[in-house]
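**Q** Each residue of the sequence shown is one higher than the last, beginning at 13 in the working numbering. Attaching a single structure in structure tokens format; questions to follow.
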Amino acid sequence: MRARFLMTVALVLWAGTSLRAQDLKQAVTRMQKLYSQSNRLHVVMRIEAFEKETATTPYYQEQADIKREGANYWYLFGTTEMLLNARFIVMVDKSAREMMFNTRKPGAGPSFQAAKAPNLDSLFRFYEDPQYLGRKGHTDHYRVVQKKGPVDRIDLLIDGGTGFLSEIRYRYRQGPLVAIHFLTFDPQPRFGPDVFAEARYITRSGGTVQPAVSFKHYHLSQSEGL
Numbered sequence: 013m014r015a016r017f018l019m020t021v022a023l024v025l026w027a028g029t030s031l032r033a034q035d036l037k038q039a040v041t042r043m044q045k046l047y048s049q050s051n052r053l054h055v056v057m058r059i060e061a062f063e064k065e066t067a068t069t070p071y072y073q074e075q076a077d078i079k080r081e082g083a084n085y086w087y088l089f090g091t092t093e094m095l096l097n098a099r100f101i102v103m104v105d106k107s108a109r110e111m112m113f114n115t116r117k118p119g120a121g122p123s124f125q126a127a128k129a130p131n132l133d134s135l136f137r138f139y140e141d142p143q144y145l146g147r148k149g150h151t152d153h154y155r156v157v158q159k160k161g162p163v164d165r166i167d168l169l170i171d172g173g174t175g176f177l178s179e180i181r182y183r184y185r186q187g188p189l190v191a192i193h194f195l196t197f198d199p200q201p202r203f204g205p206d207v208f209a210e211a212r213y214i215t216r217s218g219g220t221v222q223p224a225v226s227f228k229h230y231h232l233s234q235s236e237g238l
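Structure below.
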């Protein structure tokens, strides 16, 4: 529970105001523009939490995989999987072996998307007064020190080859360190034909919706709350 809280706070805290370091501002702006304007996008992130900054082994580690094509979304975070296409909304909890679905209502996509899908827009805002700490290999290192809030220091690493953020680290005043690694940020991915197909999760027969073969032992329910 603590680890998920730290991860959520870390994602929300990717915020601030204008940057003075032009290269960092350009990198974040470019990622923001690609995320908001690309018709297709594939992002993979690894989130790690450490008891303290000097720890070498994380006490929590999870990976997030996000795919988007037009109005279609698919994401995987830990044991939670979600699909949104033109016909259905499906959410899967693999740890509980439960699956919920609902038909997609016209015009309801954006509100569901904002509430349920990972909101990367909040991750692409800017920080105050970054310090440039230099380059190691092909990676530029920036640091932001915050006087208020639960996080006192933020380190941002930019890949000199792609111009994208490759890692961001949050050091909490109470000790923990949370790191987010960008393993993939692809604005021109090639997806297979079934990535956004509800048939991966559910089948329809005679007006009845049932779990697909891969999820035949899952409890399936329709939820108007989706």
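Glycine included, each C-beta is placed from N, C-alpha and C at the ideal position.
Count the other CB atoms within 10 Å of the CB of L310; is the residue buried (16 or more) or exposed (fewer)?
**A** The structure shown does not extend to residue 310, since the chain spans only 13 to 238, so no value can be given for it.
**Q** With respect to the beta strand (DSSP E) encompassing Q222, which residues constitute its N-terminal and C-terminal limits?
**A** Taking the sequence shown and counting its residues from 1, one reaches residue 222 at position 210. Here the beta strand (DSSP E) through Q222 covers 220-223.
**Q** Is the stretch 196-204 in contact with the stretch 214-224, if contact means three or more CB pairs nearer than 8 Å?
**A** no
**Q** Whole-angstrom Cβ separation of M57 and A76, contact assumed at under 8 Å?
**A** Locating residue 57 in the sequence shown gives position 45, where the first residue counts as 1. Locating residue 76 in the sequence shown gives position 64, where the first residue counts as 1. Rounded, the Cβ-Cβ distance is 5 Å, consistent with contact.
**Q** Assign E210 to buried or exposed, taking buried as 16 or more other Cβ atoms, counted over all protein chains shown, within 10 Å of its Cβ.
**A** Taking the first residue of the sequence shown as position 1, residue 210 is located at position 198. Counting Cβ neighbours within 10 Å, E210 comes out buried, since at least 16 surround it.
**Q** Return the CA-CA distance between D152 and L168, expressed in angstroms with no decimal places.
**A** Translated into the one-based positions of the sequence shown, residue 152 becomes position 140. Translated into the one-based positions of the sequence shown, residue 168 becomes position 156. In a straight line, the C-alpha of D152 is about 8 Å away from that of L168.
**Q** Rounded to a whole number of angstroms, what is the C-alpha to C-alpha distance between F176 and R42?
**A** In the sequence shown, counting from the first residue as 1, residue 176 sits at position 164. In the sequence shown, counting from the first residue as 1, residue 42 sits at position 30. If you take the alpha carbons of F176 and R42, they lie about 8 Å apart.
**Q** Kindly indicate which residue of R181, V104, T174, F208 has the alpha-carbon position closest to the one of K228.
**A** On the sequence shown, position 216 is the one that residue 228 refers to. Residue V104 is the option with its Cα nearest to K228.
**Q** Count the other CB atoms within 10 Å of the CB of L195; is the residue buried (16 or more) or exposed (fewer)?
**A** Taking the sequence shown and counting its residues from 1, one reaches residue 195 at position 183. Result: exposed.
**Q** Just reading off the beta strand (DSSP E) that F89 is part of, what are its end residues?
**A** The residue you call residue 89 lines up with position 77 of the sequence shown. Its beta strand (DSSP E) spans residues 84-89.
**Q** Please determine, among T91, F89, E74, L95, the residue with the shortest C-alpha to C-alpha distance to A83.
**A** Counting from 1 along the sequence shown, the entry for residue 83 is found at position 71. It is L95.
**Q** For P188, which residues from the same chain have a beta carbon less than 8 Å from its beta carbon, with the 5 sequence-adjacent residues on both sides left out?
**A** Along the sequence shown, read from residue 1 onward, the residue named residue 188 stands at position 176. Shown here for P188: same chain residues with a beta carbon closer than 8 Å to its own, the five before and five after excluded, namely L18, A61, F62, E63, K64 in chain order.
**Q** Would you tell me roughly how many angstroms separate the C-alpha atoms of R185 and V157, rounded to the nearest one?
**A** Taking the first residue of the sequence shown as position 1, residue 185 is located at position 173. Taking the first residue of the sequence shown as position 1, residue 157 is located at position 145. Their Cα atoms are separated by approximately 11 Å.
**Q** Could you tell me the distance, in whole angstroms, from the CA atom of I214 to the CA atom of K159?
**A** Mapped onto the sequence shown, residue 214 falls at position 202. Mapped onto the sequence shown, residue 159 falls at position 147. Spanning the two alpha carbons is a distance of roughly 50 Å.
**Q** Assuming I78 and V55 form a contact by the criterion Cβ under 8 Å, report the distance between their Cβ atoms to the nearest whole angstrom.
**A** Sequence index remark: in the sequence shown, residue 78 carries index 66 (1-based). Sequence index remark: in the sequence shown, residue 55 carries index 43 (1-based). The Cβ separation is near 5 Å, so the contact holds.
**Q** Closest by CA to V207, which one among Y87, H150, Y71, E74?
**A** Here residue 207 corresponds to residue number 195 of the sequence shown, with the count starting at 1. Out of Y87, H150, Y71, E74, Y87 has the C-alpha closest to the C-alpha of V207.
**Q** Let me know the beta strand (DSSP E) ranges lying completely inside the stretch 171-214, each 3 residues or longer, listed in chain order.
**A** 177-184, 189-198
**Q** Run through the DSSP bridge pairs and tell me what M103 is partnered with.
**A** In the sequence shown, residue 103 corresponds to position 91, counting from 1. BP columns for M103 point to M94, M112.
**Q** Express the C-alpha separation of S178 and E236 in angstroms, rounding to a whole number.
**A** Numbered from its first residue, the sequence shown carries residue 236 at position 224. Numbered from its first residue, the sequence shown carries residue 178 at position 166. E236 and S178 have their C-alpha atoms roughly 38 Å apart.
**Q** Using the beta-carbon count (16 or more within 10 Å), is Y71 buried or exposed?
**A** Residue mapping note: residue 71 aligns to position 59 of the sequence shown, counting from 1. That one is exposed.
**Q** Starting from V156, follow its DSSP beta bridges and name the residues at the other end.
**A** Residue mapping note: residue 156 aligns to position 144 of the sequence shown, counting from 1. I166, per the DSSP bridge assignment.
**Q** By DSSP's criteria, R80 is part of a beta bridge. Which residues make up the other side?
**A** Numbered from its first residue, the sequence shown carries residue 80 at position 68. R80 is bridged by DSSP to L53, Y85.
**Q** Let me know if P142 comes out buried or exposed under the rule of 16 or more other beta-carbons within 10 Å of its beta-carbon.
**A** Here the question's residue 142 lines up with position 130 in the sequence shown. When all chains shown are included, P142 counts as buried.
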